[in-house]
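Numbering (the UniProt record's numbering), first residue to last: 1 to 396. This report concerns only the one structure given below.
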Ligand SMILES: Cc1cc2nc3c(=O)[nH]c(=O)nc-3n(C[C@H](O)[C@H](O)[C@H](O)COP(=O)(O)OP(=O)(O)OC[C@H]3O[C@@H](n4cnc5c(N)ncnc54)[C@H](O)[C@@H]3O)c2cc1C
């Protein structure tokens, strides 16, 4: 079986090494990624404020069992099993029997006028541009992060801590830190205030101009540098290939991670819209990227080796347990969640949270290396089967 993995972020790299390592030579795994080094996306806001972020060599990380092709998949024909790749040596074509889409996500197109003026941290190139623009801000300048999700909170914390001489604001349509339980939310707001971040909740941005934000209530906020953290969307490949996608361009899958429109396509990580325990899609996160990739590898292995999937094991099943959010380099909060990624119960701060965050941002690369050395060794927490969406039959 020839399996093409498109994208080598957390999900693509994990799916590739696990499948190659467990398929007893019966699967040829090819991975395509636009650059030869691994991007640890969790750290793009670190890169944006000038911190050094290691970029491991991808071919080495993937190991010899996987064929690595540097390039960008520009056309995908799942029915014919063909992909066109644009790489440093020009165009080439690759044939496949199954494709794992692991193209991740990037910052959503800005939904208000003035999108050309914003910066972002959703992808490597944007983070590099932000790094230059942020470093060039004069003392006393105004900067704003728009979007109060977890990435917005982490980003504003980094900016404020790195440049206390810049006036940094967080502008969000909802309540500030609304996702957390009340005590943890209070900690987040106090910590941001301690970093001199001015937080503006329930504030809608109508337009972005080069030196200001125009707000829905008619007010204006000075901002010489605006970072958009409104949300993530998938790259256009799946939509352009005629695969059924949702409004964010993510492949709509059944509970076995297979595309509803094209069963030879499996989608993992941020590029897959898979129903979670509560019926909504699993949140875009590492917590979903790694297990979905490992599950896709298990299914493809079973298919290649003609193994019956273990009863009840073809449907993907993941229970979220906690989220860890940093607020600059010295503060973090570890928030317990229910299986559906809703904040609940206890939250930890201080050393415990900082340590967990440090392990998380470094451990993501280690996970892939461990999976390559001992394929199949890593597991993940499962939700109660009673709350799991029903599995669709595997295609014959
Ligand atoms: C600043 C920041 C902080 C974050 N913090 C957290 C956090 O604390 N916890 C958490 O759980 N999540 C966090 N996230 C979200 C997390 O990074 C994503 O959920 C995760 O990266 C998804 O992994 P992935 O493998 O699906 O996609 P990605 O990591 O995005 O990898 C996708 C890969 O596919 C490649 N690709 C795309 N299109 C093509 C194509 N056509 N051809 C070939 N290759 C292609 C991309 O270049 C990329 O290398 C954060 C995100 C950001 C930006």
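By construction, the Cβ of each residue, glycine as well, lies at the ideal position given by its N, Cα and C atoms.
Next item on the list: Determine, using beta-carbon pairs with one atom in the stretch 367–376 and one in the stretch 329–343, whether at least three such pairs fall under 8 Å.
Entry: Verdict: no, contact absent.
Checklist line | residue 235 in three-state terms, based on DSSP | finding: coil
Check: Does the separation of the CB atoms of residue 19 and residue 300 fall below 8 Å?
Finding: Result yes, Cβ atoms of residue 19 and residue 300 sit closer than 8 Å.
Notebook entry, point to check: Using 8 Å as the Cβ pair cut-off and three pairs as the minimum, do the stretch 104–122 and the stretch 190–209 touch?
Noted result: At 8 Å Cβ cutoff, the stretches touch.
Next item on the list: Out of 171, 134, 130, state which residue places its alpha-carbon closest to the alpha-carbon of residue 149.
Entry: 171
Item checked: Range of the contiguous alpha helix (DSSP H) that encloses residue 68 -> From DSSP, residue 68 is part of no alpha helix (DSSP H) but of the beta strand (DSSP E) over 66–70.
Check: Where residue 165 and residue 130 are concerned, what is the direct C-alpha to C-alpha distance, given to the nearest angstrom?
Finding: Residue 165 and residue 130: Cα-Cα distance of roughly 17 Å.
Next item on the list: Tell me whether residue 280 sits in a helix, a strand or coil according to DSSP, three-state version.
Entry: coil
Next item on the list: Measure the C-alpha to C-alpha separation of residue 86 and residue 73 and round it to an integer number of angstroms.
Entry: 6 Å
Item checked: Reference residue 152; option with closest CA among 179, 142, 133 -> 179
Item checked: C-alpha distance - residue 279 paired with residue 323, whole-angstrom precision -> 20 Å
Notebook entry, point to check: Per DSSP, what kind of secondary structure is residue 28 in: helix, strand or coil?
Noted result: strand
Checklist line | Secondary structure, beta strand (DSSP E): runs of 3+ residues fully inside the stretch 45–122 | finding: With a minimum length of 3 residues, the continuous beta strand (DSSP E) runs that stay inside the stretch 45–122 are 66–70, 72–77, 82–87, 90–95, 98–101.
Check: Within 7 Å: the Cβ of residue 45 and any heavy atom of ligand 1?
Finding: yes
Checklist line | Cross-strand partners of residue 216 (DSSP beta bridge) | finding: DSSP lists no partner for residue 216.
Next item on the list: Report the partner residues of residue 142 according to the DSSP bridge assignment.
Entry: 167
Checklist line | residue 138 versus residue 163 - alpha carbon distance | finding: 10 Å
Check: Nearest-angstrom Cα distance between residue 441 and residue 11?
Finding: There is no way to answer for residue 441, as the model of the chain reaches only from 1 to 396.
Note to self: If we require 3 or more residues per run, which beta strand (DSSP E) segments fall completely within the stretch 254–300?
What the structure shows: List check, beta strand (DSSP E) in window: 265–267.
Margin query: According to DSSP, residue 222 sits in a beta bridge with which residue or residues?
Written below: 212
Notebook entry, point to check: Does the pairing of the stretch 264–273 with the stretch 285–300 give three or more beta-carbon distances under 8 Å?
Noted result: Between the stretch 264–273 and the stretch 285–300, the count of C-beta pairs closer than 8 Å reaches three or more; the two stretches touch.
Notebook entry, point to check: Which whole-angstrom value is the C-beta distance of residue 347 and residue 333, which I expect to be below 8 Å?
Noted result: 6 Å
Check: Is any heavy atom in ligand 1 found nearer than 7 Å to the beta carbon of residue 39?
Finding: Yes, the beta carbon of residue 39 sits closer than 7 Å to at least one heavy atom of ligand 1.
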